[in-house]
Every structure is written in structure tokens, then in C-alpha cells.
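Everything on this sheet refers to the single structure shown next.
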Amino acid sequence: MPYDLVIFDCDGVLIDSEIISAKMLVDELAKLGVTIDLDYVALHFLGRSYPTVMNQIRKEFGLNLPADFEDEYRQRLMAAFEADLQIMPHVKDVLAHLDLPYCVATSSSPRRAQTSLHLVGLGALTGPLLFTSTMVAKGKPEPDLFLHAMATMGIRDPSRCLVIEDSLNGIRAALTAGMKVWRFTGGSHLAMRLLEEPEDARPHGRFASFADFYRTVPGLRQKVVSA
Numbered sequence: 006m007p008y009d010l011v012i013f014d015c016d017g018v019l020i021d022s023e024i025i026s027a028k029m030l031v032d033e034l035a036k037l038g039v040t041i042d043l044d045y046v047a048l049h050f051l052g053r054s055y056p057t058v059m060n061q062i063r064k065e066f067g068l069n070l071p072a073d074f075e076d077e078y079r080q081r082l083m084a085a086f087e088a089d090l091q092i093m094p095h096v097k098d099v100l101a102h103l104d105l106p107y108c109v110a111t112s113s114s115p116r117r118a119q120t121s122l123h124l125v126g127l128g129a130l131t132g133p134l135l136f137t138s139t140m141v142a143k144g145k146p147e148p149d150l151f152l153h154a155m156a157t158m159g160i161r162d163p164s165r166c167l168v169i170e171d172s173l174n175g176i177r178a179a180l181t182a183g184m185k186v187w188r189f190t191g192g193s194h195l196a197m198r199l200l201e202e203p204e205d206a207r208p209h210g211r212f213a214s215f216a217d218f219y220r221t222v223p224g225l226r227q228k229v230v231s232a
């Protein structure tokens with residue numbers, strides 16, 4: 006077995022949520038006179054926490070967001086998730102047959118991550134298996150969250166951890182932590198987009214469907230024992 010732990014990102018990996026949140030952020034900022042597109046969101050915001058995103062908006066556009074912006078945005082986003090959020094195809098099968106421990110490490114808030122996972126039938130990944138950026142001093146692209154998850158799961162060697170990420174910031178965090186990282190490119194937010202990967206954010210491999218997970222990363226599937 007090449008690894009002791011698999012760490013999954015949540016948004017854009019386990020759940021197809023990034024396209025929903027990106028479109029909503031574009032629309033909400035447009036109401037305040039800030040014009041950005043989905044490519045801008047993918048480049049600057051993907052894989053980062055909400056406070057980090059808001060700080061960049063303030064700095065780059067000189068926009069002081071209304072006091073109720075965050076609460077209203079989150080409420081609208083949760084309503085959109087309830088209506089449209091989908092689990093990534095074949096994720097349940099992958100999780101059901103993994104032959105080693107796994108967990109989730111996400112930049113989302115605890116409430117958003119918990120709600121999202123429950124909505125798509127992945128509630129078992131909450132509780133002690135869910136790690137959010139609120140648990141560490143610095144979120145992605147810093148390695149703190151992945152290292153915290155690893156230590157809490159009882160793993161000592163980061164090179165024995167495999168991270169599944171979609172965002173460049175998540176890839177950077179995993180590489181800085183000394184972990185192996187595979188990029189999942191099958192989310193709707195990456196469809197028909199040029200997947201640029203700067204030198205500091207080049208994964209060890211890529212796959213576009215969880216149907217190919219065990220072919221892409223062999224040796225992780227539970228062995229079938231004959232009677």
C-alpha cells in the first residue's frame with residue numbers, strides 16, 4: 006500500500022458545488038458594481054476561504070461590502086445548493102471501496118461543508134472526518150490544514166498521504182505539506198477551461214472521473230476475498 010491516508014477536498018471534488026457558488030458570487034458582486042467573470046473566480050478564489058476572498062475583493066476593487074452581504078450571500082447559496090447541488094458521479098463507490106482511512110479537508114465554513122455533504126448523502130464524512138480552514142491559522146495555499154488533518158488522523162509521514170484536489174491553491178498546499186496530490190478535473194467549473202498549472206502548482210497526476218480513480222491510483226481498492 007503506497008499511502009496511509011487519502012485527504013479529499015470537498016467543493017469541486019466530492020460535490021459539484023464550485024460552479025454554483027462562482028456564478029452566485031459573480032452575480033452578487035455585479036449588483037455592487039464589481040464586474041468579474043468565472044475565469045477570474047477560478048484563478049483567484051478557487052480553493053480559498055470566504056474571508057480570504059472578501060479581503061481580496063476589498064483590496065483589488067476598493068469595495069467596502071455591506072454589513073449584511075456575507076449573511077445574505079450564504080443564505081442564497083444554501084438555497085441554491087438545496088435546489089441544485091449534486092454529488093460527483095462515482096464518488097460513493099470510491100469511498101465504499103477504499104482500503105485505507107480517508108477524510109475531508111476544505112476551505113469552506115463548517116456549516117456550509119456539513120450542510121453540503123448531508124445534502125448529497127455524504128453525511129458520514131462530517132464529524133471527526135471533516136476538517137475546515139477554521140481549525141488552523143492559515144488556510145490554503147498554506148499547508149496547515151492538510152498537516153492538521155494528517156496529525157489528527159494519526160499519520161506522521163506526509164509523504165504517505167494522498168490529496169485529491171481541484172484548485173491550484175489546494176495543490177500548492179498539498180505540495181508544500183510534502184504530500185502526493187492528484188488533480189480532479191471533472192467538476193463543472195473546470196469544463197471547457199484551459200487547465201493552467203504554474204510550476205508551484207503541478208500535481209503528480211490528474212483524472213477527470215471517479216470511475217477511473219482506482220485505475221489512476223492503483224493499490225487503494227479493497228481486495229475481494231473469495232469464499
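Reading the sequence shown from the start, the letters are residues 6 to 232 in this note's numbering. Note that CB positions come from ideal geometry on N, CA and C, so glycine has one too. Note that the coordinates shown come from a computational prediction; the quantities given were computed from them, not determined experimentally.
Residue interval of the beta strand (DSSP E) (run including G210): 210-212
Length at least 4, wholly inside the stretch 19-69: the alpha helix (DSSP H) runs in chain order: 23-35, 43-49, 55-66
Residue from V39, H95, A178, L68 whose Cα sits closest to the Cα of T111: A178
One or two residues paired with L103 in a DSSP bridge: R226
Environment of T40 [buried if 16+ CB atoms lie within 10 Å]: exposed
7 angstroms Cβ shell around R188 - same chain, five flanking residues per side excluded: Counting only Cβ-Cβ distances below 7 angstroms, and skipping sequence neighbours, we find E170, D171, I176, P208, R211.
Simplified DSSP assignment, three categories, for V168: strand
Classification of G191 by the beta-carbon crowding that lies within 10 angstroms, buried from 16 upward: buried
Three-state secondary structure (DSSP) of T131: coil
One or two residues paired with V109 in a DSSP bridge: Residue pairing by DSSP places V109 opposite F13, L135 in a beta bridge.
Under the three-state DSSP convention, the category I160 falls into: Annotated three-state conformation of I160 is coil, per DSSP.
Candidates L195, D104, S113, of which the one nearest Q227 by Cα: D104
Coil, strand or helix - V141 by DSSP: Coil.
Alpha carbon of V46 to alpha carbon of I24, nearest angstrom: Those two C-alpha atoms are separated by around 10 angstroms.
Residues near S121 in its chain [Cβ-Cβ closer than 8 angstroms; skip 5 each side]: C15, D16, I20, S22, F86, L90, S113
Option in F151, L51, P146, V141 with minimal Cα separation from F13: Put simply, of F151, L51, P146, V141 the residue whose alpha carbon is nearest the alpha carbon of F13 is F151.
Span of the beta strand (DSSP E) around F74: F74 -> not in any beta strand (DSSP E); alpha helix (DSSP H) instead, spanning 74-89.
Among R198, F136, T139, nearest to L48 - alpha-carbon criterion: R198
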